[in-house]
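Chemist:
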Amino acid sequence: MQFSFSIKESLLKVKGFTLPEILVVIVLSSIILGAIVGLFISSENLFKKTKPVSDVLEEMRSGLATLDFVFSRWGAGVPCKNNQCQNNSNIVPCDDFPPSDPLCMNCTQGDFSSGCSEVVFYGNLYGLGFVVDNKTGNMVDIISCRLENDYKDDKPRQCYYIWHQNGVITDNSTNKPLAFSFNSTPEFNSNNTDCINFNKTPNLTIPAEIDLCNSSITYTSNTTYTLQPGDIIVRSTQMIKLYVKQKKNGYWLIMEKTDIEMSKYYGIKSSINPIAKLKDADSFKVYMAGKGVRIRAIFASQSSPSQFFEIIKYYGR
Numbered sequence: 352m353q354f355s356f357s358i359k360e361s362l363l364k365v366k367g368f369t370l371p372e373i374l375v376v377i378v379l380s381s382i383i384l385g386a387i388v389g390l391f392i393s394s395e396n397l398f399k400k401t402k403p404v405s406d407v408l409e410e411m412r413s414g415l416a417t418l419d420f421v422f423s424r425w426g427a428g429v430p431c432k433n434n435q436c437q438n439n440s441n442i443v444p445c446d447d448f449p450p451s452d453p454l455c456m457n458c459t460q461g462d463f464s465s466g467c468s469e470v471v472f473y474g475n476l477y478g479l480g481f482v483v484d485n486k487t488g489n490m491v492d493i494i495s496c497r498l499e500n501d502y503k504d505d506k507p508r509q510c511y512y513i514w515h516q517n518g519v520i521t522d523n524s525t526n527k528p529l530a531f532s533f534n535s536t537p538e539f540n541s542n543n544t545d546c547i548n549f550n551k552t553p554n555l556t557i558p559a560e561i562d563l564c565n566s567s568i569t570y571t572s573n574t575t576y577t578l579q580p581g582d583i584i585v586r587s588t589q590m591i592k593l594y595v596k597q598k599k600n601g602y603w604l605i606m607e608k609t610d611i612e613m614s615k616y617y618g619i620k621s622s623i624n625p626i627a628k629l630k631d632a633d634s635f636k637v638y639m640a641g642k643g644v645r646i647r648a649i650f651a652s653q654s655s656p657s658q659f660f661e662i663i664k665y666y667g668r
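Numbering of the sequence shown is given in the numbering used here, commencing with residue 352 and proceeding in unit increments.
Right under this line is the structure:
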């Protein structure tokens, strides 16, 4: 009997948790679960608060990258009136193309003293090349820095200016720059060849004879020009406009660029691209700063709640 009682007592001891133990487990589980839920809620709230901040910083970086590039090309490769470039101490308005000063700029909304919200200027946003040598068979060797010859049946070839000796080749009757395009031949089959890692040797060979973009005019009684060593090939000038535009999802900084020659000869329309989202209509201002400009922009996040980031930056050449 004593032995039987000991076995039952032992079985009772290992049968399961006691009520106090179960209560302790429930309390501890509730505490852990509450901590997990609280941590999840806190992290979600933190994400909601930091995401707009991260978004507006990314919006600012993207917008500044475009502005940096555009203003680094301001006035670059722009021909001057009568091949006589003026060097003014301040920014002057752009007259009829080609301008007297390649670093001109027009304010078409507001003014430069109190802040201009729409500016227009000239620059070269694309490639150029250098003719370094003649080859046999009427070919020339070129150092290409993103030259293009994107020729298709439904798309005209890009237009280029030729800088020869002391200036751009011009029309003798109007003194305006003449625009040329490359022949669509198998020899020029490498678009956008760059010269970043220049190894002192030409990276492109093309026909020496190039065509006028406008075949109705002539250069020295011809509609072609023969490239010579020392010539510099520069993509035709782009007219660049920066302004603010209201869209369905807010205000945006817009860049509109127009190829001067291709719009004139081929009717190519302007390219309109949103750069970055802004806070409101007054969030982009351009001020004159000597020969340069001071830009004030207030960028906005595309996520909610909206966050804003104001920057002030100077550009000049």
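Where a beta carbon is used, it is the ideal one built from N, C-alpha and C, also for glycine.
Only a predicted model underlies this, so the values are computations on that prediction, with no experimental measurement involved.
Can you check which of these residues, Y511, T487 and G461, is closest to S587 by C-alpha distance?
Modeler: Ranking Y511, T487 and G461 by Cα distance to S587 puts Y511 first.
Chemist: On the three-state DSSP scale, how would you describe Y666?
Modeler: It is a strand residue.
Chemist: Just to confirm my understanding: we take N457, look at its own chain, exclude 5 residues before and 5 after, and list those with CB closer than 8 Å. What are they?
Modeler: Result list for N457: P444, C445, V470, V471 and F472, in chain order.
Chemist: Please list, in chain order, all residues of the same chain as G385 whose beta carbon is under 7 Å from its beta carbon, the five residues on each side excluded.
Modeler: Correct list: empty, nothing qualifies.
Chemist: Could you tell me which residues DSSP puts in a beta bridge with A640?
Modeler: Per DSSP, G643.
Chemist: In chain order, what are the residue ranges of uninterrupted beta strand (DSSP E) at least 3 long that sit wholly in the segment 517–602?
Modeler: The qualifying runs are 555–558, 560–563, 575–577, 583–586 and 589–598.
Chemist: When burial is assigned at 16 or more other CB atoms within 10 Å of the CB, is I663 buried or exposed?
Modeler: By the 10 Å Cβ count, I663 comes out exposed.
Chemist: Nearest-angstrom Cα distance between N441 and V483?
Modeler: Straight-line Cα distance between these residues: approximately 36 Å.
Chemist: Within its chain, find whatever has a CB closer than 6 Å to the CB of L578; leave out the 5 residues flanking it on each side and keep chain order.
Modeler: V482, V491 and A559, listed in sequence order.
Chemist: If the criterion is Cβ atoms closer than 7 Å, does the pair A530 and G474 meet it?
Modeler: No; because the gap between Cβ atoms is not below 7 Å, this pair is not in contact.
Chemist: Straight-line CA distance for S621 to I387?
Modeler: So the alpha carbons of these two residues sit roughly 55 Å apart.
Chemist: Just confirm the distance between the C-beta atoms of Q460 and Y594, as a whole number of angstroms; I'd bet it's less than 8 Å.
Modeler: Right, their Cβ atoms sit about 7 Å apart.
Chemist: Based on Cα-Cα distance, which residue from L555, P450, W514 and S468 lies nearest to K486?
Modeler: Among L555, P450, W514 and S468, the Cα nearest to that of K486 belongs to L555.
Chemist: How big is the Cα-Cα spacing for F463 and S652?
Modeler: Their Cα atoms are separated by approximately 27 Å.
Chemist: Name, in chain order, the residues that DSSP records as bridge partners for M606.
Modeler: Paired residues: L593 and N624.
Chemist: Among the candidates I611, E499, I568 and D582, whose CA atom is the shortest distance from the CA of N523?
Modeler: The shortest Cα separation from N523 among I611, E499, I568 and D582 belongs to I568.
Chemist: Please state whether DSSP places L454 in a helix, a strand or coil.
Modeler: L454 falls in the coil class under three-state DSSP.
Chemist: Between which two residues does the alpha helix (DSSP H) harbouring I611 extend?
Modeler: Unbroken alpha helix (DSSP H) run through I611: I611 to Y617.
Chemist: Give the straight-line distance between the Cα atoms of I561 and K628, rounded to the nearest whole angstrom.
Modeler: Looking at the two C-alpha atoms, the distance is approximately 43 Å.
Chemist: Quick check: what's the CA-CA separation for Y665 versus G488?
Modeler: Distance between the alpha carbons of Y665 and G488 is about 50 Å.
Chemist: Identify the continuous beta strand (DSSP E) that holds W425 and give its terminal residues.
Modeler: It is not in any beta strand (DSSP E) - W425 carries neither H nor E in the DSSP assignment.
Chemist: Which term fits R424, buried or exposed, when burial requires 16 or more other beta carbons within 10 angstroms of its beta carbon?
Modeler: Classification of R424: buried, given that the 10 Å Cβ count is 16 or more.
Chemist: Given a cut-off of 7 Å, decide if I513 and P553 are closer than it, judged by their beta-carbon atoms.
Modeler: No; because the gap between Cβ atoms is not below 7 Å, this pair is not in contact.
Chemist: For K669, collect the residues of the same chain with a Cβ closer than 6 Å to its Cβ; drop the 5 residues on either side in sequence, then sort them by chain order.
Modeler: In the structure as shown, the chain starts at 352 and stops at 668, and residue 669 therefore has no counterpart that could be examined.
Chemist: Mapping the DSSP letters down to three states, classify G478 as helix, strand or coil.
Modeler: Correct three-state label for G478: coil.
Chemist: Which of the three DSSP states is assigned to E409 in this structure?
Modeler: Helix, per DSSP.
Chemist: Give the straight-line distance between the Cα atoms of S405 and Q437, rounded to the nearest whole angstrom.
Modeler: If you take the alpha carbons of S405 and Q437, they lie about 44 Å apart.
Chemist: Should K598 be labelled buried (16 or more other beta-carbon atoms within 10 Å of its own) or exposed?
Modeler: With fewer than 16 other Cβ atoms within 10 Å, it is exposed.
Chemist: For the beta strand (DSSP E) that contains D492, what are its first and last residues?
Modeler: From DSSP, the beta strand (DSSP E) with D492 extends over M490 to C496.
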